[in-house]
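For what it's worth, this note's numbering labels the leading residue of the sequence shown as 1366, then goes sequentially. Structure record follows, encoded as structure tokens.
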Amino acid sequence: MGPRFQNNDRARLYREIYEQHGPIAPVVLPGDVPCWLVLGYRELHQITSDPVLFSRDSQLWNRWPEIPADWPLLPMVGKQPSILYTVGERHQRRAALISDALAAVDPFELRSHSERFADRLIDELCGRGSGDLISEYAKVLPALVLAQLYGFSDEAGARLVPSINALVDGGPDALAGRDTVKSAMSTLLASRRAAPAAGVASRLLYHDYARDFSFEEILEDMMVNIVAGHQPTADWIGNSLRLMLTDDRFAASLSGGRHSVAEAMNEVLWEDTPTQNIAGRWTTRDTQLAGRHIAAGDLLMLSFAAANGDPQVRPDRGSFTGGNSAFLSFGHGEHRCPYPAQDIAEGIARTGIEVLLDRLPDVDLAVSPQALVWRPSPFLRGLASLPVRFTPTPKSTAGGSR
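Below, the structure is given as structure tokens:
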């Protein structure tokens, strides 16, 4: 959590840890709680490919007797009733339920909603000639689109955005934000159970596997998916725009080119992936990994960011990643981000960036690149703000159809 971890020196710090300790390093979490940080690409791949030995069941942790009730990482590590910590056949059925509900999202409908909300947000700032593309755009667009896909009205989705952001920011309003989001989700699910309608919520309730899970479990998974879908997508948009505004390789996109939008988004997943580290996996028995003795019940923190820059896999990090999509930014194995969720995130992010560049073609940073500040999170990678300037333009007449 030091300054090197919170700025652009993070990649070099990962490499130094790797050079000193190898692909698995002993680290301490807040409160001097020990765990293993997995930095190696091959090791992370091995761990996520073996859910029997490296389980997602946090109840296996051998440190629980020492963890205080107010430990700050409990929301990320604690015992939860969601799909994140479900294992075995029950997890497979739960994952299929969510994946099928998301897979039914029409890509044309997704793009239409994304364009419509993107135009609406840009309309709020286009006449000013300046704005913050994080707070006014990237941190709003995914939540609006996801709320629409789940079945919320435009107005209800807009009311949820501040609470979703409060929840994911983890500040003093986080618990109140979670309560608001959970209450709205519960009301939506209850209404869909009484009267099915279009949207992900109804598909979750009326899937063949839904009978295996309680109303509360389905509600918890809706919460997980809208939060996990919103913030990484917001950071994907923000990190990609930062790259395109600061790296000459992507300048063509700011003049109307389209191929390099996808290239910039791909580059970000390698170099500044929104999901940096995740806790984690717990060993079900003593084992050896990369020359380390890992005791039963040990916690392994998975560093997707470090693995993407593993010197054994990418000796030259200065080379352009191009279309290489072998990154681990969405995880791997049966607990990876569902493929339909990945497609939805990519659709929202790419549409959001393209609409922004269409509407504000001369957008430029309003500060020096060195003045940009990253949010202080060990798990996610995103900017605190992205101030820009541009030529003021009139509001859109596109109506969400391009």
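Here a beta-carbon is modelled for each residue, glycine too, at the ideal position from N, C-alpha and C.
Item                                                                                                                                                                  : Value
Closest by CA to N1372, which one among V1533, R1557, P1759, S1742?                                                                                                   : S1742
Any contact of the stretch 1576-1591 with the stretch 1423-1443, i.e. 3+ C-beta pairs under 8 Å?                                                                      : no
Pick out the complete alpha helix (DSSP H) segments inside the stretch 1510-1557, 4 residues or longer, and give them in chain order.                                 : 1519-1534
With a threshold of 8 Å, are at least 3 pairs of Cβ atoms found where one atom belongs to the stretch 1714-1724 and the other to the stretch 1732-1747?               : no
Alpha carbon to alpha carbon, how far is L1667 from Y1571?                                                                                                            : 34 Å
Going straight from the alpha carbon of R1646 to that of R1407, what length do you get?                                                                               : 15 Å
Fully enclosed by the stretch 1663-1744, which beta strand (DSSP E) runs are 3 residues long or longer?                                                               : 1664-1668
Tell me the rounded alpha-carbon separation between G1492 and G1396.                                                                                                  : 49 Å
Tell me where the alpha helix (DSSP H) around D1600 begins and ends.                                                                                                  : 1580-1611
Please confirm if the stretch 1548-1558 is in contact with the stretch 1531-1540, defined as three or more CB-CB distances below 8 Å between the two stretches.       : no
Name the two residues that bound the continuous beta strand (DSSP E) containing I1659.                                                                                : 1657-1659
What is the residue span of the alpha helix (DSSP H) that T1413 lies within?                                                                                          : 1406-1413
Looking only at its own chain, which residues have a Cβ that is under 7 Å from the Cβ of V1452, when we skip the five neighbours before and after it?                 : P1416, S1420, R1421, D1422
Taking C-beta to C-beta, are T1648 and F1669 nearer than 9 Å?                                                                                                         : no
Taking the alpha-carbon of Y1502 as reference, which of L1654, N1530, F1578 has the nearest alpha-carbon?                                                             : N1530
Per DSSP, what kind of secondary structure is L1402 in: helix, strand or coil?                                                                                        : strand
Excluding sequence positions up to five away, which residues of its chain have a Cβ less than 6 Å from the Cβ of V1565?                                               : A1466, L1514, Y1515
Can you tell me where the alpha helix (DSSP H) holding V1565 begins and where it ends?                                                                                : 1565-1570
For the alpha helix (DSSP H) holding S1477, just list the boundary residues, first then last.                                                                         : 1472-1488
Which residues mark the beginning and the end of the beta strand (DSSP E) in which V1392 is found?                                                                    : 1389-1394
Determine the contact status of W1401 and R1657, defining contact as a CB-CB distance below 9 Å.                                                                      : yes
Touch check for the stretch 1725-1737 and the stretch 1599-1612: three-plus C-beta pairs under 8 Å?                                                                   : yes
Using the three-state DSSP reduction, which class does V1452 fall into: helix, strand or coil?                                                                        : coil
Give the secondary structure of Q1653 by DSSP, where H, G and I count as helix, E and B as strand, and everything else as coil.                                       : strand
Within 10 Å of its beta-carbon, does R1476 have 16 or more other beta-carbons around it, so buried, or fewer, so exposed?                                             : buried
Reducing DSSP to helix, strand and coil, say where S1618 ends up.                                                                                                     : Unreliable positioning characterises S1618 in this predicted model, as indicated by a pLDDT of 49, which lies under 50. A coordinate reading is not provided.
Helix, strand or coil for S1750, going by three-state DSSP, please let me know.                                                                                       : coil
If you follow the beta strand (DSSP E) that I1643 is in, where does it begin and where does it stop?                                                                  : 1642-1648
Just to confirm my understanding: we take A1655, look at its own chain, exclude 5 residues before and 5 after, and list those with CB closer than 8 Å. What are they? : G1387, P1388, I1389, G1405, E1408
Mapping DSSP to helix, strand and coil, what is S1625?                                                                                                                : helix
So the alpha helix (DSSP H) P1440 belongs to, where does it begin and stop?                                                                                           : 1439-1442
Whose C-beta lies closer than 7 Å to the C-beta of F1695 among residues of the same chain, with five residues either side of it excluded?                             : R1701, C1702, Q1707
Excluding the 5 residues flanking R1458 on each side, which residues of the same chain have their C-beta closer than 7 Å to its C-beta?                               : Y1574, D1577
With which residues is S1420 paired in a DSSP beta bridge?                                                                                                            : W1647
I need the DSSP call for D1573, collapsed to helix, strand or coil.                                                                                                   : helix
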